[in-house]
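Enquirer:
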Ligand code: PLP
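In our numbering, the protein residues as written are 307 to 688.
#1: Compute the Euclidean distance between the alpha carbons of residue 607 and residue 617, then round it to the nearest angstrom.
#2: Could you tell me if residue 588 is buried or exposed, where buried requires 16 or more neighbouring beta carbons within 10 angstroms of its beta carbon?
#3: Given residue 380, which residues of its chain have a CB within under 7 Å of its CB, disregarding the five upstream and five downstream residues?
#4: So, is residue 406 buried or exposed, given that buried needs 16 or more other C-beta atoms within 10 angstroms?
#5: Thinking residue 401 and residue 574 are a contact (beta carbons under 8 Å), I'd like their distance in whole angstroms, please.
#6: With a threshold of 7 Å on Cβ separation, who are the neighbours of residue 451 within its own chain once the five nearest residues in sequence on each side are excluded?
#7: Just tell me which of 479, 522, 517 has its CA closest to the CA of residue 491.
#8: Going along the chain, which residues of its own chain have a beta-carbon closer than 6 Å to the beta-carbon of residue 334, five neighbours each way excluded?
#9: Going by the beta-carbon positions, is the gap between residue 517 and residue 403 smaller than 8 Å?
#10: Would you check if the distance between the CB atom of residue 534 and the CB atom of residue 503 is smaller than 8 Å?
#11: Would you identify the three-state DSSP class for residue 533, choosing helix, strand or coil?
#12: DSSP on residue 512, reduced to helix/strand/coil?
#13: Cβ of residue 427 within 7 Å of any heavy atom in ligand 1?
#14: Taking its Cβ as the centre, do 16 or more other Cβ atoms sit within 10 Å of residue 638, making it buried, or is it exposed?
#15: Is any heavy atom in ligand 3 found nearer than 7 Å to the beta carbon of residue 418?
#16: Residue 390 to residue 634, Cα distance in whole Å?
#17: Taking the Cβ atom as the reference point for each residue, do residue 453 and residue 427 lie within a distance shorter than 8 Å?
#18: Which parts of the region 310 to 380 are runs of the alpha helix (DSSP H), unbroken and 4 residues or longer, counting only runs that do not cross its ends?
#19: Does any C-beta atom of chain C lie closer than 8 Å to the C-beta of residue 374?
#20: Could you give the distance in angstroms between the alpha-carbon of residue 670 and the alpha-carbon of residue 314?
#21: In the DSSP assignment, find the unbroken alpha helix (DSSP H) run with residue 649 in it and report its ends.
#22: Cβ atoms of residue 338 and residue 672: under 8 Å apart, would you say?
#23: Take the Cβ of residue 328 as the centre, count every other Cβ of all protein chains shown within 10 Å, and call the residue buried at 16 or more, exposed below.
#24: For residue 515, count the other beta carbons within 10 Å of its own beta carbon; 16 or more makes it buried, fewer makes it exposed. Which is it?
#25: I need the straight-line Cα distance from residue 366 to residue 580, nearest angstrom please.
#26: Ignoring anything shorter than 4 residues, give me the alpha helix (DSSP H) runs that lie fully in the region 477 to 503, in order along the chain.
#27: Is the beta carbon of residue 397 less than 8 Å from the beta carbon of residue 547?
#28: When burial is assigned at 16 or more other CB atoms within 10 Å of the CB, is residue 326 buried or exposed?
#29: Determine contact between the region 624 to 633 and the region 459 to 474, defined as no fewer than three beta-carbon pairs at a distance below 8 Å.
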């Protein structure tokens, strides 16, 4: 495994700069954490659940590890709005998408070959390397709009798709996803579809779930998260959908997942699941939408500033991430230093997400509006 230098290096360089320039008003747009607090509806639901846990009559102890029915039902109904029909038995609640993305690998053979887009969320590569699996890469670049499509000469057993993508902000359309679904079904591969940012899609033609694509229920597993949607980055809750129809070598993948989870996991806390359920209430939905609109306003502000400077960028529209091309052929880390020293802005060098990320740079809309406005002015004056 390669050392994970990215966020360590960002922190080290930022701290050193801050030490040399004690008063520098640094704006941090590096790590993709949210800044808005939990929606009020979630806080209210968790407080109520806390009281229930303190009452002998309503206290809850161990429960089934797949999650409470109230939350799985709410998720099932959410899918129904996308015209996707899933049963609650196919939905598994967890402490977040990251854990499930790593844990799912327990049910695959070490001989399986994993195909990972480059650049992408580094967890896909590292979890496969940790379990001794071979990783091959699908190049994502400007030529394919950062949405690589399958090459039938390449064989893989596990295929990762992240849409909307971290870090590029690219989103697959239905035709492109259909190509992956057909390829996976032909090759007996399994697609691991990361939909952590689906709530940021505003273009109605773009799919939020791989299960909107015909044939996906025989080849795909979907990972979702409340982290970026409802600010659960510290609270922790996510869910994974494993369809009944997904069978490989005569084995139900869903049953294998249940077996894995019941062995190593005892479920996410009741209090947290009540908070997550509130995300789907009328009140919760309005509050979550307001938060997402707020972050998307930030990306629009950053995008406008980059346009004014003539800096090319991708993403931003259906994603909280802006993926910019470093100006003047600077490398990702050269631009990091440039932006830090000239504008006091910290971003994320694209090279940290894979070799194709070199020469690119990620900014996020997850900051505060006030900081984003200041950052945009600094960029314009750069
Ligand atoms: N998937 C992607 C693409 C992410 O960028 C992240 C977090 O940044 C996650 C999953 C992790 O989500 P969670 O907080 O639910 O573990």
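C-beta atoms are modelled at their ideal positions from N, C-alpha and C, and glycine is treated no differently.
Expert: Reading from the atomic positions:
#1: Here the question's residue 607 lines up with position 301 in the chain shown. Here the question's residue 617 lines up with position 311 in the chain shown. One alpha carbon belongs to residue 607, the other to residue 617, and they sit about 14 Å apart.
#2: If you number the chain shown from 1, residue 588 lands on position 282. Result: exposed.
#3: As a working mapping, residue 380 is identified with position 74 in the chain shown. Excluding residues within five positions, the ones whose Cβ falls inside 7 Å are 583, 586.
#4: Sequence index remark: in the chain shown, residue 406 carries index 100 (1-based). Residue 406 is buried by the Cβ-count criterion.
#5: One-based indexing of the chain shown puts residue 401 at position 95. One-based indexing of the chain shown puts residue 574 at position 268. The Cβ separation is near 5 Å, so the contact holds.
#6: Reading the chain shown from its first residue, position 145 is the one you call residue 451. Scanning its chain for C-beta atoms nearer than 7 Å, with the 5 sequence neighbours on each side dropped, one finds around residue 451 the residues 476, in chain order.
#7: As a first step, residue 491 must be located in the chain shown, where it is residue number 185. Of 479, 522, 517, the residue nearest in Cα terms is 522.
#8: Along the chain shown, read from residue 1 onward, the residue named residue 334 stands at position 28. The answer, listed in chain order, is 652.
#9: Looking up residue 517 in the chain shown gives position 211. Looking up residue 403 in the chain shown gives position 97. Going by beta carbons, residue 517 and residue 403 fall outside the 8 Å limit.
#10: The residue labelled residue 534 in the question sits at position 228 within the chain shown. The residue labelled residue 503 in the question sits at position 197 within the chain shown. Less than 8 Å divides the Cβ of residue 534 from the Cβ of residue 503.
#11: As a first step, residue 533 must be located in the chain shown, where it is residue number 227. The answer is helix: DSSP assigns residue 533 an H, G or I state.
#12: As a working note, residue 512 is residue 206 in the chain shown. Residue 512: coil per DSSP, three-state reduction.
#13: Locating residue 427 in the chain shown gives position 121, counting from the first residue. Within the cutoff, so yes.
#14: By 1-based counting over the chain shown, the position of residue 638 is 332. Buried: at least 16 other Cβ atoms inside 10 Å.
#15: Absence of ligand 3 is noted for the structure shown, with ligand 1 being the only ligands found.
#16: Position 84 of the chain shown, counted from the start, is the residue given in the question as residue 390. Position 328 of the chain shown, counted from the start, is the residue given in the question as residue 634. Roughly 46 Å between the two C-alpha positions.
#17: One-based indexing of the chain shown puts residue 453 at position 147. One-based indexing of the chain shown puts residue 427 at position 121. Residue 453 places its beta carbon 8 Å or farther from that of residue 427.
#18: Counting only runs of 4 or more, we get 312 to 326, 346 to 359.
#19: Any reference to chain C falls outside this structure, which holds one protein chain only.
#20: Position 364 of the chain shown, counted from the first residue, corresponds to residue 670. Position 8 of the chain shown, counted from the first residue, corresponds to residue 314. Using only the alpha carbons, I get a separation of about 18 Å.
#21: By 1-based counting over the chain shown, the position of residue 649 is 343. Looking at the DSSP string, the run of the alpha helix (DSSP H) that includes residue 649 is 638 to 649.
#22: Here residue 672 corresponds to residue number 366 of the chain shown, with the count starting at 1. Here residue 338 corresponds to residue number 32 of the chain shown, with the count starting at 1. Cβ distance < 8 Å, so residue 672 and residue 338 count as in contact.
#23: Counting from one through the chain shown, the residue named residue 328 turns up at place 22. Around the beta carbon of residue 328, a 10 Å sphere encloses fewer than 16 other beta carbons of the protein chains shown; the residue is thus reported as exposed.
#24: Within the chain shown, residue 515 is the residue found at index 209, counting from 1. Residue 515 comes out buried.
#25: For the purposes of this step, residue 366 is taken as residue 60 along the chain shown, with counting starting at 1. For the purposes of this step, residue 580 is taken as residue 274 along the chain shown, with counting starting at 1. Whole-angstrom Cα-Cα distance: 12 Å.
#26: Runs of the alpha helix (DSSP H) lying entirely within the region 477 to 503, each at least 4 residues long, are 480 to 493 in chain order.
#27: Residue mapping note: residue 397 aligns to position 91 of the chain shown, counting from 1. Residue mapping note: residue 547 aligns to position 241 of the chain shown, counting from 1. One thing to note: residue 397 has its Cβ within 8 Å of the Cβ of residue 547.
#28: Residue mapping note: residue 326 aligns to position 20 of the chain shown, counting from 1. So residue 326 counts as exposed.
#29: Per the Cβ contact rule, the region 624 to 633 is in contact with the region 459 to 474 (3 or more Cβ pairs under 8 Å).
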